[in-house]
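There are 2 protein chains.
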Amino acid sequence: MGTVTKALSLLNNFSLSRPEIGLSEMTRLSDLNKATVYRLLRELQDQGFVEQAGAGRAYRLGAGVLRLAALREASVPLLNVSREILRTLSDRTGETAHMSVLRGQKLSALAYTYSRAHATKVTMEDTGDLAFHATGSGLAVLAFSDPEFVSAVLSRPLPAYTSNTITDRKRILAQLETIRRVGTAESVAGFEDEVHSHAAPVFGTDRRPVGALAVAAPCARITPQAAAEIRRELAIAARQLTERIGGFFPEDFPLERAA
Amino acid sequence: MGTVTKALSLLNNFSLSRPEIGLSEMTRLSDLNKATVYRLLRELQDQGFVEQAGAGRAYRLGAGVLRLAALREASVPLLNVSREILRTLSDRTGETAHMSVLRGQKLSALAYTYSRAHATKVTMEDTGDLAFHATGSGLAVLAFSDPEFVSAVLSRPLPAYTSNTITDRKRILAQLETIRRVGTAESVAGFEDEVHSHAAPVFGTDRRPVGALAVAAPCARITPQAAAEIRRELAIAARQLTERIGGFFPEDFPLERAA
DNA sequence: GTCAATCGGTTCATTATTCAAACCAATGGT
DNA sequence: ACCATTGGTTTGAATAATGAACCGATTGAC
Chain A
1380 MGTVTKALSL LNNFSLSRPE IGLSEMTRLS DLNKATVYRL LRELQDQGFV EQAGAGRAYR
1440 LGAGVLRLAA LREASVPLLN VSREILRTLS DRTGETAHMS VLRGQKLSAL AYTYSRAHAT
1500 KVTMEDTGDL AFHATGSGLA VLAFSDPEFV SAVLSRPLPA YTSNTITDRK RILAQLETIR
1560 RVGTAESVAG FEDEVHSHAA PVFGTDRRPV GALAVAAPCA RITPQAAAEI RRELAIAARQ
1620 LTERIGGFFP EDFPLERAA
Chain B
1380 MGTVTKALSL LNNFSLSRPE IGLSEMTRLS DLNKATVYRL LRELQDQGFV EQAGAGRAYR
1440 LGAGVLRLAA LREASVPLLN VSREILRTLS DRTGETAHMS VLRGQKLSAL AYTYSRAHAT
1500 KVTMEDTGDL AFHATGSGLA VLAFSDPEFV SAVLSRPLPA YTSNTITDRK RILAQLETIR
1560 RVGTAESVAG FEDEVHSHAA PVFGTDRRPV GALAVAAPCA RITPQAAAEI RRELAIAARQ
1620 LTERIGGFFP EDFPLERAA
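Just so you know, the protein sequences line up as chains A and B, in that order.
This note's numbering runs 1379 ahead of the 1-based position in the first sequence.
This note's numbering runs 1379 ahead of the 1-based position in the second sequence.
Spelled out as structure tokens, the structure:
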């Protein structure tokens, strides 16, 4: 693992529920030497990627990332466009919709919208990284990724988050086969109990997945008709988003299913 | 210069007018070895900070930065809050308002708002980094920075962007003295001809400047009354923004001038 | 008040990476 | 065919990162 990778990995330890991290804690979270972590943090600090919160000496993400994100959005308006698309996805399905993005070997939830159609809904506030094998989004991305990426992901431990999580690699590979045929993925209570998620991959200019759009609903509300409707809407939304960010579908993607 | 600093510096070469950069060009822009640049880019790519645009093999900012920015905004809503404040600043002054943020030894424009009050206005679209010695924002930040930071900045070459740019270090230090007394800075056509900029510093939790709010107007419209009005509004806006992001003013800041 | 643990931060010999300058193969213009 | 330029790779010599131990300052238990 190179120095840059180590430094950037430190940034991944920040999350909504852990916005500030002290030196010692960061050291524990990162499996690195304290001195190393200290130097890395200081370089990150010099570049504005982290800053020390006034009160304690704990570190948090700095203002430097804002400018980079603004630049990225200016050239590839993924976030803006996806929010718009998520909104209509939520409205039409009456369920929670979210967009996740692939960064390295992680899949992170980036934006989400809720529907007011039902009193109960899936909430996304506390969601960190999404497991590839246990979420619709993860499976959708895997299904259209390079085989070596798939095997890298599946060679890591596959925790069972619920009693329904599928952890058998053969069964997962079979799922991916189906997803490639159908164009959408689903996971029934694989990550959280009672949550049924459907997802469709979104592609970049290189015809490889950049992430996924997903609809998450309480299992109880998923009838065959509702599921079909969700898959239909997802296919449309994923196609729109892919096109609007200048992406292309792979040759073998079952596009005809998207109306 | 450490490895991490080098890698992150590469990211600074991206801008609105240069969203994609090839390996060779990046090498030229960075004063590093091509092999090094290649390795750094690959590590950045693995972490999702850059990606290769499909068509050519040129690099551009990746989706990974979006998540970091979203996390940062969630804990310190600098961008959201500043946009709101910039809007009222533009409306009340009838001029272009912008917010810049200090990252390492650079000051970058981050957000801006225009007014419809006049047909002519200062535009910010192409603005990259702001010079410390030639802009109101830069001077405002410098005036309340550590002496060692000031001398580091002023020991670099001070280009004369216009015939009005003040490049004499003694005169700049004298300006900083005034700014510390008054609480706002100004620069008359120091960066762009015909542009008069006023600015006020914004502070973080550590009582040090995180950036500046500024109002930029065509010199021709700046009467003594207009300037006084702008300074008044700026002081109010900077105070609001500082407070809303949880920041504190230094002990010696002339706060009483803010109504 | 003392002790031990923990905190952020620092030091220094050892070790690994980065540098510079070549070199490839591929592409494109003349 | 030619030359220049592209993205990418290799080589000993220079430079940087690393990790165990170490500081002084807090903190909490007793």
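We put the beta carbon where it would ideally sit given N, CA and C, even for glycine.
From the beta-carbon of A:Gln1619, no residue of chain B is found nearer than 7 angstroms; the closest lies around 18 angstroms away. Comparing C-alpha distances from A:Arg1471 to each of A:Val1594, A:Asp1525 and A:Thr1602 shows the shortest one belongs to A:Val1594. Residues of the segment 1448–1468 of chain B whose Cβ lies closer than 8 angstroms to any Cβ of chain A, in chain order: Ala1448, Ala1449, Leu1450, Arg1451, Glu1452, Ala1453, Ser1454, Val1455, Leu1457 and Leu1458. Excluding sequence positions up to five before and after A:Ala1476, its CB lies within less than 6 angstroms of the CB of Leu1465, Leu1468, Ser1469, Thr1492 and Val1594, all in the same chain and listed in chain order. For A:Arg1439, the uninterrupted beta strand (DSSP E) segment begins and ends at Tyr1438 to Leu1440. Cβ-Cβ separation between B:Leu1423 and B:Met1405: approximately 11 angstroms, too far for a contact (criterion under 8 angstroms). With respect to B:Ala1591, B:Pro1603 sits apart: the two C-beta atoms are not nearer than 8 angstroms.
For B:Ala1488, the enclosing beta strand (DSSP E) begins and ends at Lys1485 to Thr1492. When DSSP states are grouped into helix, strand and coil, A:Gly1517 belongs to the helix group. Per DSSP, the continuous beta strand (DSSP E) segment holding B:Arg1482 begins and ends at Thr1475 to Arg1482. Relative to A:Arg1559, the option among A:Val1574, A:Leu1521 and A:Tyr1540 whose CA is nearest is A:Leu1521.
Annotated as distal: B:Leu1402 and A:Ala1449, with beta-carbon spacing of 8 angstroms or more. Here DSSP, grouped into helix, strand and coil, assigns B:Val1574 to strand. For B:Leu1468, the enclosing alpha helix (DSSP H) has its first and last residue at Leu1457 to Thr1472. Neighbours of B:Val1532 in chain A, taken as residues at a C-beta separation under 7 angstroms, are lacking, since the least C-beta distance is about 14 angstroms. In the DSSP assignment, B:Gly1443 falls within the alpha helix (DSSP H) that extends over Gly1443 to Ser1454. Within 7 angstroms of the CB of A:Ala1510, no CB atom of chain B is found; the nearest one sits about 17 angstroms away. Interface annotation for the segment 1563–1589 of chain B against chain A: Gly1583, Thr1584, Asp1585, Arg1586 and Val1589, criterion Cβ-Cβ distance under 8 angstroms. Those residues of the segment 1510–1524 of chain B placed with their C-beta closer than 7 angstroms to a C-beta in chain A do not exist. Ranked by how close their Cα comes to the Cα of A:Pro1526, the residues A:Gln1619, A:Leu1537, A:Leu1552 and A:Met1503 have A:Leu1552 in first place.
Residue contact with chain B for A:Asp1425: present (Cβ-Cβ distance below 8 angstroms to some residue of chain B). Only residues of its own chain outside the window of five on either side were considered, and among them Thr1541 have a CB closer than 7 angstroms to the CB of B:Asp1572, listed in chain order. Going by beta carbons, A:Ile1624 and A:Val1455 fall inside the 8 angstroms limit. Taken through DSSP and simplified to helix, strand or coil, B:Arg1397 comes out as strand. The three-state secondary structure of B:Val1501, taken from DSSP, is coil. A:Asp1505 and B:Ile1615 have their C-alpha atoms spaced approximately 36 angstroms apart.
Taking all protein chains in view, the Cβ of A:Asp1425 is crowded by 16 or more other Cβ atoms within 10 Å, so the residue is classified as buried.
Spatial neighbours of B:Ser1566 in its own chain (CB-CB distance under 7 angstroms, excluding positions within 5 residues in sequence) are listed in chain order as Ala1513, Thr1514, Gly1515, Leu1518 and Ser1576. Not a single CB atom of chain B sits nearer than 8 angstroms to the CB of A:Gly1401. Assigned with DSSP and collapsed to three states, B:Ala1616 falls in helix.
For A:His1497 and A:Phe1511, the gap between their C-alpha atoms comes out near 28 angstroms. For A:Arg1397, the closest of B:Arg1451, B:Leu1419 and B:Pro1398 by C-alpha to C-alpha distance is B:Arg1451. Here DSSP, grouped into helix, strand and coil, assigns B:Ala1605 to helix. Residues of chain B with a Cβ closer than 8 angstroms to the Cβ of A:Pro1398 are, in chain order, Leu1450, Ala1453 and Ser1454. Secondary structure of B:Ala1595 (DSSP, three-state): strand. Taking C-alpha positions only, A:Phe1632 is separated from A:Ser1524 by approximately 12 angstroms.
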